[in-house]
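Chemist: Residue numbers (the working numbering): 98 to 386.
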C-alpha cells in the first residue's frame, strides 16, 4: 500500500500498513502517549536543549520524505538581509516535505537560512546532549493547505523547519557546501543577492536520508517568535572546514559596512519549571510484518 500522493511528484513506496478509514489528524501516538492535535498545540519557545534520555521514542511515523530538494533546474539565489544568508528557489516546482510527524500534510519549501557565531563552538541554536556546533541551517517549509508562508506563519500547523548542525574542523572542507560558501563571498554587502547552482542543497542529502531525528512543536527563533513550527532536527553534524564557516562572518549587517554579522543565534529558551517538553525521537518507520 502506498502512502499519500503528491501532485506532480513520484513518491517511493512506504513499507507500512495504513488504515484508509482512520482520521489522520486524530491518530494516537501510543509510544508518545499524545495525540497529534494536542502535541501541535503545546506552547514552547525555541531553541531548546535536546537530551536523548528525555525524549519519547517512536517507531510508527511514515518515512519522512524530501521531494525535489536536490533536483537540478530552475534558479536559486542567496541573499544577505543583514541578519543571515537566505537561499530561495525560483522558476521551478518548489520542493515538498511530507511524512514523518507531518502525517498527511504537505509542506512547501520557502527558504533555507543559517545561524552562526563569532567562534566555531557556539554557532548553533539547538543544543544536543550538551554539544554546541559551529552553525545551524534551517530549511523552512509552510503547510500547503495555506495560500503562502505569510498566511501559514501564525497557524499551529503552519510551518515545518528541518535543522542541520554544521561542525567546523581543520581538514574537512565539504565540496558540495562550497556552492554555498562561494556564493557567500558575493553577498558581503547588505541587501546583495547572487545566483547559486540549482542543486545547491546536495550537502544536506546524506543526513536528510538518515532515519533518526528529533521532533517537537516549538516556535520561530526570530521575530515574531510565533509557536507555529514543527521542528525536525538531525543530530549528526555535517562536517565542513573552518574556512567555509568563516566566510559567513564576513557578511555585513549595515549599509555603512562597518559591522559584520558575527552572531545571529537566539539563546536557549527554558520552559517553566513545571512544564515537561514533549520531544519525540523518531528512530525509523514501521517495517512490513
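The beta-carbon is built from N, C-alpha and C at its ideal position, and this holds for glycine as well.
Between the C-alpha atoms of residue 284 and residue 370, what's the straight-line distance to the nearest angstrom?
Modeler: Taking the straight line joining both Cα atoms gives about 43 Å.
Chemist: Please check the pair residue 210 and residue 298, which I expect to be a contact at CB under 8 Å, by giving their CB distance rounded to whole angstroms.
Modeler: Not confirmed; about 13 Å, so no contact.
Chemist: For residue 176, write down the residues that DSSP places opposite it in a beta bridge.
Modeler: In DSSP, residue 176 forms a bridge with 183 and 290.
Chemist: Is it buried or exposed for residue 376, if we count other Cβ within 10 angstroms and need 16 for buried?
Modeler: Residue 376 comes out buried.
Chemist: When you compare each of 314, 240 and 219 to residue 228 by their alpha carbons, which one comes out closest?
Modeler: Nearest of 314, 240 and 219 to residue 228, Cα basis: 219.
Chemist: What whole-angstrom Cβ distance do residue 184 and residue 257 have, given they're in contact under 8 Å?
Modeler: Incorrect: roughly 17 Å between the Cβ atoms, too far for contact.
Chemist: Taking residue 309 as the reference, give the member of 331, 301 and 318 with the closest Cα.
Modeler: Considering only alpha carbons, the answer is 331.
Chemist: Excluding the five sequence neighbours on either side, which residues of its own chain have a C-beta within less than 7 Å of the C-beta of residue 246, listed in chain order?
Modeler: Around residue 246: 207 and 239.
Chemist: Could you tell me the alpha carbon to alpha carbon distance between residue 336 and residue 346, rounded to whole angstroms?
Modeler: Rounded to the nearest angstrom, the two C-alpha atoms are 18 Å apart.
Chemist: Give a yes or no on whether the C-beta atoms belonging to residue 360 and residue 217 are separated by under 9 Å.
Modeler: No, the Cβ-Cβ distance between residue 360 and residue 217 is not below 9 Å.
Chemist: Output yes or no for whether 9 Å exceeds the beta carbon distance between residue 378 and residue 155.
Modeler: Closer than 9 Å, so yes.
Chemist: Just to check my reading of the structure: residue 174 and residue 292 have Cβ atoms closer than 8 Å, yes? What is that Cβ distance to the nearest angstrom?
Modeler: Right, the Cβ-Cβ distance comes to about 6 Å (below 8 Å), so this counts as a contact.
Chemist: CA-CA distance, residue 151 and residue 311?
Modeler: Distance between the alpha carbons of residue 151 and residue 311: 11 Å.
Chemist: Is it buried or exposed, residue 181, if we count other Cβ atoms within 10 angstroms and call 16 or more buried?
Modeler: By the 10 Å Cβ count, residue 181 comes out buried.
Chemist: Which residue marks the beginning of the beta strand (DSSP E) containing residue 75, and which one marks its end?
Modeler: There is simply no residue 75 to check, as the chain begins at 98 and stops at 386 in what is shown.
Chemist: Is residue 177 buried or exposed, if buried means 16 or more other CB atoms sit within 10 Å of its CB?
Modeler: With 16 or more other Cβ atoms within 10 Å, it is buried.
Chemist: Could you check whether the segment 262-274 touches the segment 196-206, counting it as contact only if at least three pairs of C-beta atoms, one from each stretch, sit closer than 8 Å?
Modeler: Judged by Cβ distances under 8 Å, the segment 262-274 makes no contact with the segment 196-206, as fewer than three pairs qualify.
Chemist: Using the beta-carbon count (16 or more within 10 Å), is residue 349 buried or exposed?
Modeler: Buried is the call here.
Chemist: In or out: residue 367 buried (at least 16 other Cβ within 10 Å) or exposed?
Modeler: Looking at its Cβ environment, which holds fewer than 16 other Cβ atoms inside 10 Å, residue 367 is exposed.
Chemist: Taking all protein chains shown into account, decide if residue 235 is buried (16 or more other Cβ within 10 angstroms of its Cβ) or exposed.
Modeler: Result: buried.
Chemist: Drop a sphere of 10 angstroms on the beta-carbon of residue 364, count the other beta-carbons inside from all chains shown, and report buried for 16 or more, exposed for fewer.
Modeler: By the 10 Å Cβ count, residue 364 comes out exposed.
Chemist: Output the distance between the C-alpha atoms of residue 374 and residue 301, rounded to the nearest integer angstrom.
Modeler: Roughly 27 Å between the two C-alpha positions.
Chemist: Smallest Cα separation from residue 188: which of 198, 179 and 171?
Modeler: Here the closest residue by C-alpha is 171.
Chemist: Only counting the same chain, and skipping five residues up and downstream in sequence, which positions put a Cβ closer than 8 Å to that of residue 295?
Modeler: Once the five neighbours on either side are set aside, the close Cβ partners of residue 295 are 168, 169, 170, 171, 172, 173, 186 and 189.
Chemist: Got a sec? Which residues, its chain only, sit under 7 Å from residue 223 by beta carbon, not counting five neighbours each side?
Modeler: Answer for residue 223: 144, 145, 147, 233, 260 and 330, listed in chain order.
Chemist: Ignore the nearest five residues each way along the sequence and tell me which others in residue 231's own chain have a CB closer than 6 Å to its CB.
Modeler: Within the same chain, residue 231 has close Cβ partners 217, 220, 263, 264, 265 and 342.
Chemist: For residue 352, which residues in the same chain have their Cβ closer than 7 Å to its Cβ, ignoring the five residues on either side in sequence?
Modeler: Here the set comprises 287.
Chemist: Give me, in chain order, the residues of the same chain whose beta-carbon lies closer than 6 Å to that of residue 161; leave out the 5 immediate sequence neighbours on both sides.
Modeler: Excluding positions up to five away in sequence, the list reads 196 and 197.
Chemist: Does DSSP put residue 188 in a helix, in a strand, or in coil?
Modeler: Correct three-state label for residue 188: coil.
Chemist: Using the beta-carbon count (16 or more within 10 Å), is residue 318 buried or exposed?
Modeler: So residue 318 counts as buried.
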